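In the working numbering, the protein residues as written are 2 to 51.
Okay, here's the thing in structure tokens:
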């Protein structure tokens, strides 16, 4: 059973979570602007014995 204050806290924390998500996106955007080209690291799969 929910406590009476839980919905209030959830609604109150929505701006906090939005800011955290926005900061992550902004950091990624700045990283994109600085580096220009995306570099993907590919992890090789181990070869199966035949």
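Cβ coordinates follow ideal geometry from the N, Cα and C atoms, glycine included. All figures in this text were calculated on a predicted structure; none of them were measured in a lab.
Can you tell me the Cα-Cα spacing of residue 100 and residue 29, whole angstroms? Only positions 2 to 51 of the chain appear in the structure, and residue 100 is not among them; the question remains open.
Kindly list the residues whose CB is nearer than 7 angstroms to the CB of residue 1, restricted to its own chain and excluding five residues on each side of it in sequence; keep chain order. Past the edges of the chain, shown from 2 to 51, lies residue 1, and the structure says nothing about it.
I need the DSSP call for residue 10, collapsed to helix, strand or coil. Taking the chain shown and counting its residues from 1, the one referred to as residue 10 is at position 9. Looking at residue 10 - three-state DSSP - the assignment turns out to be helix.
Any chain D beta carbon closer than 7 angstroms to residue 6: Of the chains in the structure shown, none is chain D; there is only one protein chain.
State the DSSP-derived secondary structure class of residue 28, mapped to helix, strand or coil. Position 27 of the chain shown, counted from the start, is the residue given in the question as residue 28. The answer is helix: DSSP assigns residue 28 an H, G or I state.
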